[in-house]
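So the structure is just underneath, and the comments pick up after that.
Numbering (the working numbering), first residue to last: 143 to 500.
Now the structure itself:
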């Protein structure tokens, strides 16, 4: 059925969708500082909501400047966007509506979309299939969200959506103004992390690669997996590997992006396996699945930080317990013995604290 102009905007502005987005925001920012604007929105929601619905239905909603914050990520400092409370509700409502419409049109090989199983399902599928293949292409995009070309993304969305109103809303979101320590900067390329729409739009942006490489893999009995901007291709022959690499390079050039120089491996699968999404896939010594070296290093760095801060043993044990829960959830993995070391070098007994995770 062809959608008429503004029909999606009406869905976004509906009571049901806005209330879902509002409830999500209340949960996400429940522990916010008392000066955070979420409390103003919550106190005046019944007065703000009708005006918000009117602006959305008329196609006249405009976003406020987005506050840019730097946070510590797994690969160092990362910049995320913190939208004001009202904008966050609109973005979440848009994500709810568009996910229902776009998800069936996007590749089943893209695991980060709702209902696809997430990173753990992606890792397990890769690990279950790696034994039948000899070659691998593992890569991701260098600064993925920061290098998304707005014109390319909007062109892709126009082929999937027949609603000019919601396309215009997304275009205004992309052409945002960033507030960096009080200074305003007009953004002409890229999306920010922290945006409820980013995972969905990130799936759309590399759909051409999903179609081309996924189609080639299905035709030749190969395996292709993608989670956000991380992807993995398992091949039987070197010629197949060369073909998928050519497809990958061609499509990345079309969307004006490039492979990460240090996170790309193209070649034969070694006995020790390879890193993918925080795990070591195809590791013969660990019955197929282990923990990636970078994951261990991040874990040890956090432990060291806790020791240096003089944290109580119970707090350290709680951190280790939660880390073990994360590592073991959704995958089949044998971790062996895990111990912590006190600053003085004595072994810290955490067996009582982690017994429940085994």
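Glycine included, C-beta positions come from ideal geometry on N, C-alpha and C. None of these values were measured; they are calculated from a predicted model.
request  = Following the continuous alpha helix (DSSP H) through residue 185, name the residue where it begins and the one where it ends.
outcome  = 180-185
query = Based on Cα-Cα distance, which residue from 337, 187 and 451 lies nearest to residue 503?
reply = Outside the modelled stretch of the chain, which goes from 143 to 500, sits residue 503, for which no answer is possible.
With 16 other Cβ atoms within 10 Å as the buried cut-off, status of residue 464 = Around the beta carbon of residue 464, fewer than 16 other beta carbons lie within 10 angstroms, which makes this residue exposed.
request  = Could you tell me the boundaries of the beta strand (DSSP E) in which residue 325 lies?
outcome  = 325-328
ask   = Do you know whose CA, among 354, 260 and 382, lies nearest residue 341's CA?
value = 260
key: Proximity winner among 330, 339, 196 and 243, relative to residue 303 (alpha-carbon distances)   = 243
request  = May I ask you to report which of helix, strand or coil DSSP gives residue 509?
outcome  = In the structure displayed, the chain extends from 143 to 500; residue 509 sits before or after that span and is not available.
Residue closest to residue 282, alpha-carbon to alpha-carbon, out of 473, 180, 181 and 405 = 405
request  = Keeping to the same chain, check which residues put their C-beta closer than 8 Å to that of residue 88; ignore five residues upstream and five downstream.
outcome  = No information on residue 88 is available, as it lies outside the stretch 143 to 500 that the chain covers here.
query = Quick one: what's got a C-beta closer than 7 Å to residue 268's C-beta in the same chain, skipping five residues either side?
reply = 367, 374, 418 and 423
Test item: CB-CB of residue 279 and residue 390 under 9 Å = yes
inquiry  = Using DSSP's beta-bridge definition, name the partner residues of residue 209.
reply    = 224 and 321
query = Secondary structure at residue 258, three-state DSSP: helix, strand or coil?
reply = Residue 258: coil per DSSP, three-state reduction.
ask   = residue 340 by DSSP, collapsed to three states: which one?
value = When secondary structure is reduced to three states using DSSP, residue 340 falls in the helix class.
inquiry  = Among the candidates 344, 193 and 186, whose CA atom is the shortest distance from the CA of residue 241?
reply    = 344
inquiry  = With distance defined between alpha-carbon atoms, name the residue in 154, 258 and 476 nearest to residue 432.
reply    = 476
key: Other residues of its chain near residue 346: CB distance less than 8 Å, five sequence neighbours each side excluded   = 244, 248, 295, 298, 299 and 302
key: Continuous alpha helix (DSSP H) stretch holding residue 470: start and end   = 455-470
message = Rounded to whole angstroms, what is the Cα-Cα separation between residue 180 and residue 224?
response = Cα to Cα, residue 180 sits roughly 12 Å from residue 224.
ask   = Are residue 333 and residue 395 closer than 9 Å when you measure CB to CB?
value = No; because the gap between Cβ atoms is not below 9 Å, this pair is not in contact.
query = Who are residue 277's beta bridge partners in DSSP?
reply = 377 and 410
task = Mind checking which residues open and close the beta strand (DSSP E) that includes residue 430?
result = 430-433
request  = In angstroms with no decimal places, state the Cα-to-Cα distance between residue 384 and residue 410.
outcome  = 12 Å
task = Output the distance between the C-alpha atoms of residue 251 and residue 339, rounded to the nearest integer angstrom.
result = 19 Å
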